[in-house]
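Here is the structure we will look at, set down as structure tokens.
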Amino acid sequence: MKYLETGFRLVYHNFCAIPLTDSLKRSMRDFPEIEKANCALVYGYIDKEAGVTLEVVAAGKQQKDNFRFFDANNEVRFFIRIEAVDDVDFACFGKNEELNKRYIDKLEMLKIYEADEELESSREMGFLDESRHPHFPDDVQVYLTKEGLQPEICWARIFGLGEHWIMAYLLNEPSQPFGYHEGEKIAFFVKETEDNRVICYSDMKPTKKLTSADLEDGSMLKEAVASFNNERTENNFLEVLETLRDSYVWIPCNAILSETDVEAVRKLIDEPNDIVGKTFSNTDDIRLVPDILRNGDELFFPVFSSPDEMGEYGNGFSKIQKHFLEAIHLAINNESNVKGIVLNAFSEPFVLDREIFDIVQNMKSRIE
Numbered sequence: 324m325k326y327l328e329t330g331f332r333l334v335y336h337n338f339c340a341i342p343l344t345d346s347l348k349r350s351m352r353d354f355p356e357i358e359k360a361n362c363a364l365v366y367g368y369i370d371k372e373a374g375v376t377l378e379v380v381a382a383g384k385q386q387k388d389n390f391r392f393f394d395a396n397n398e399v400r401f402f403i404r405i406e407a408v409d410d411v412d413f414a415c416f417g418k419n420e421e422l423n424k425r426y427i428d429k430l431e432m433l434k435i436y437e438a439d440e441e442l443e444s445s446r447e448m449g450f451l452d453e454s455r456h457p458h459f460p461d462d463v464q465v466y467l468t469k470e471g472l473q474p475e476i477c478w479a480r481i482f483g484l485g486e487h488w489i490m491a492y493l494l495n496e497p498s499q500p501f502g503y504h505e506g507e508k509i510a511f512f513v514k515e516t517e518d519n520r521v522i523c524y525s526d527m528k529p530t531k532k533l534t535s536a537d538l539e540d541g542s543m544l545k546e547a548v549a550s551f552n553n554e555r556t557e558n559n560f561l562e563v564l565e566t567l568r569d570s571y572v573w574i575p576c577n578a579i580l581s582e583t584d585v586e587a588v589r590k591l592i593d594e595p596n597d598i599v600g601k602t603f604s605n606t607d608d609i610r611l612v613p614d615i616l617r618n619g620d621e622l623f624f625p626v627f628s629s630p631d632e633m634g635e636y637g638n639g640f641s642k643i644q645k646h647f648l649e650a651i652h653l654a655i656n657n658e659s660n661v662k663g664i665v666l667n668a669f670s671e672p673f674v675l676d677r678e679i680f681d682i683v684q685n686m687k688s689r690i691e
């Protein structure tokens with residue numbers, strides 16, 4: 324089998340054997356038994372910056388369909404970028420527990436290339452394969468679209484997943500004024516065309532202008548989220564992000580008194596006389612600390628489109644109103660290291676993942 328015919332799954336996290344060329348044999352001169360070898364045992368992984376790579380594990384001897392592999396040299400690293408051998412016939416052994424156990428020390432060196440859960444999940448998405456770069460599986464071709472411009476294909480490198488979209492960095496500068504540039508993050512969607520092709524696309528069309536009054540009571544933001552939750556299209560997703568960018572939201576906070584004021588309250592409570600009707604005035608500033616919501620092991624920074632959306636939960640908190648861009652700043656700097664911001668957690672929720680905070684921050688305001 325050849326890599327050009329099968330793609331990266333042929334070698335990814337698999338053991339394979341490739342024939343030894345003279346130059347490859349010279350490069351492996353420090354491997355045990357290299358003088359007897361006519362093939363090399365390799366293990367495939369993905370270097371996010373350099374693409375599919377083969378770690379040379381050991382020299383080997385092939386006789387027809389039989390293979391014998393020698394010991395590894397754990398003191399020496401030698402690897403091959405896939406483009407150098409993508410037209411070579413591979414003999415594949417899959418994950419192979421026996422080889423994995425024998426060469427475990429060699430494989431331990433490759434843990435630095437392990438991907439996080441979201442990126443690993445994206446590599447399993449077969450529907451993206453038609454759009455992937457042959458040597459860089461995390462890089463996909465994305466159609467950028469915007470009213471008044473021609474659709475344009477750009478390369479983008481996947482780094483995370485949203486609920487129904489994929490997040491990536493633009494790898495090249497668009498030739499038209501889409502409003503996004505090389506190195507910036509975009510969210511893209513996947514759809515099937517009329518001729519049954521699956522493509523990646525990101526709609527960057529201009530949207531309607533707003534006034535501050537449109538957003539004042541939070542109803543427009545709530546409606547945008549409801550539309551997205553009902554029909555998870557890219558247009559509805561972008562409408563939520565753009566509406567969030569210009570909105571003011573409500574944040575539930577815990578009121579924290581200074582030690583001096585806490586002591587004064589304690590003394591008031593401890594007095595033998597009835598304290599009903601008595602007043603307390605703080606001498607120091609009261610700190611308002613945003614509450615944090617937990618979902619399993621994940622923490623989220625809660626915001627609400629209006630105080631009413633908090634329901635009974637809000638009764639135990641002080642409420643402050645902030646522009647959403649300020650809320651992002653508070654979430655980023657929160658000591659809890661939140662996974663994202665959750666809007667209207669108890670009614671019509673929408674989660675903005677931390678990885679795409681800057682997409683909202685970089686959007687242009689629609690306020691006239």
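Mapping the sequence shown onto the numbering used here, position 99 (from 1) lands on 422, and the numbers just tick up by one. Just so you know, even glycine gets a beta-carbon here, dropped at the ideal spot from N, CA and C.
Can you tell me whether residue i is buried or exposed, with buried defined as 16 or more other CB within 10 angstroms of its CB?
i	result
residue 455	buried
residue 534	exposed
residue 338	buried
residue 395	buried
residue 566	buried
residue 579	exposed
residue 445	buried
residue 603	Model confidence at residue 603 stands at a pLDDT of 47, short of 50, so the residue's coordinates are unreliable; what they give is reported in the following sentence. Exposed is the call here.
residue 634	exposed
residue 561	buried
residue 436	exposed
residue 687	exposed
residue 421	exposed
residue 532	exposed
residue 407	exposed
residue 496	exposed
residue 382	buried
Please state if the CB of residue j and the CB of residue i are separated by a distance shorter than 9 angstroms.
i	j	result
residue 364	residue 380	yes
residue 628	residue 572	yes
residue 467	residue 550	no
residue 325	residue 412	yes
residue 673	residue 654	no
residue 458	residue 405	yes
residue 494	residue 441	no
residue 343	residue 415	no
residue 512	residue 557	yes
residue 331	residue 369	yes
residue 362	residue 387	no
residue 393	residue 359	yes
residue 453	residue 520	yes
residue 630	residue 639	no
residue 482	residue 678	yes
residue 472	residue 403	no
residue 632	residue 514	no
Mind reading off the beta-carbon distance from residue i to residue j? Whole number of angstroms is fine, and I expect it under 8 angstroms.
i	j	result
residue 398	residue 552	The pair is not a contact, with the Cβ atoms about 56 angstroms apart (cut-off 8 angstroms).
residue 569	residue 538	6 angstroms
residue 366	residue 378	5 angstroms
residue 656	residue 613	Not confirmed; about 10 angstroms, so no contact.
residue 675	residue 664	5 angstroms
residue 461	residue 371	6 angstroms
residue 642	residue 575	6 angstroms
residue 327	residue 410	6 angstroms
residue 498	residue 475	6 angstroms
residue 336	residue 418	6 angstroms
Assuming residue i is part of the beta strand (DSSP E), what are its boundary residues?
i	result
residue 522	521-526
residue 466	462-468
residue 389	389-395
residue 416	414-417
residue 618	616-618
residue 675	673-676
residue 370	362-370
residue 508	508-515
For the alpha helix (DSSP H) containing residue i, name the first residue and the last one.
i	result
residue 441	440-446
residue 684	680-684
residue 652	647-655
residue 553	542-553
residue 427	427-431
residue 329	326-329
residue 375	Unbroken run through residue 375 is the beta strand (DSSP E), 374-386; no alpha helix (DSSP H).
residue 299	Residue 299 lies beyond the range of the chain shown here (324 to 691); nothing can be said about it.
residue 493	Unbroken run through residue 493 is the beta strand (DSSP E), 489-493; no alpha helix (DSSP H).
Just to check, is the beta-carbon of residue i closer than 8 angstroms to a non-hydrogen atom of the ligand GTP?
i	result
residue 351	Within the structure as shown, the ligand GTP is missing, as the structure has no ligands at all.
Checklist entry - Is the segment 486-493 touching the segment 506-520 in the sense that three or more CB pairs, one from each, lie closer than 8 angstroms? => result yes
Checklist entry - Does the segment 443-451 touch the segment 421-435, meaning 3 or more C-beta pairs lie closer than 8 angstroms? => result When C-beta atoms of the segment 421-435 are compared with those of the segment 443-451, fewer than three pairs fall below 8 angstroms, so the two segments do not count as touching.
Checklist entry - Quick check: the segment 615-632 against the segment 654-674, are there 3 or more CB pairs under 8 angstroms? => result Yes, since at least three Cβ pairs between the segment 615-632 and the segment 654-674 fall closer than 8 angstroms, the two stretches touch.
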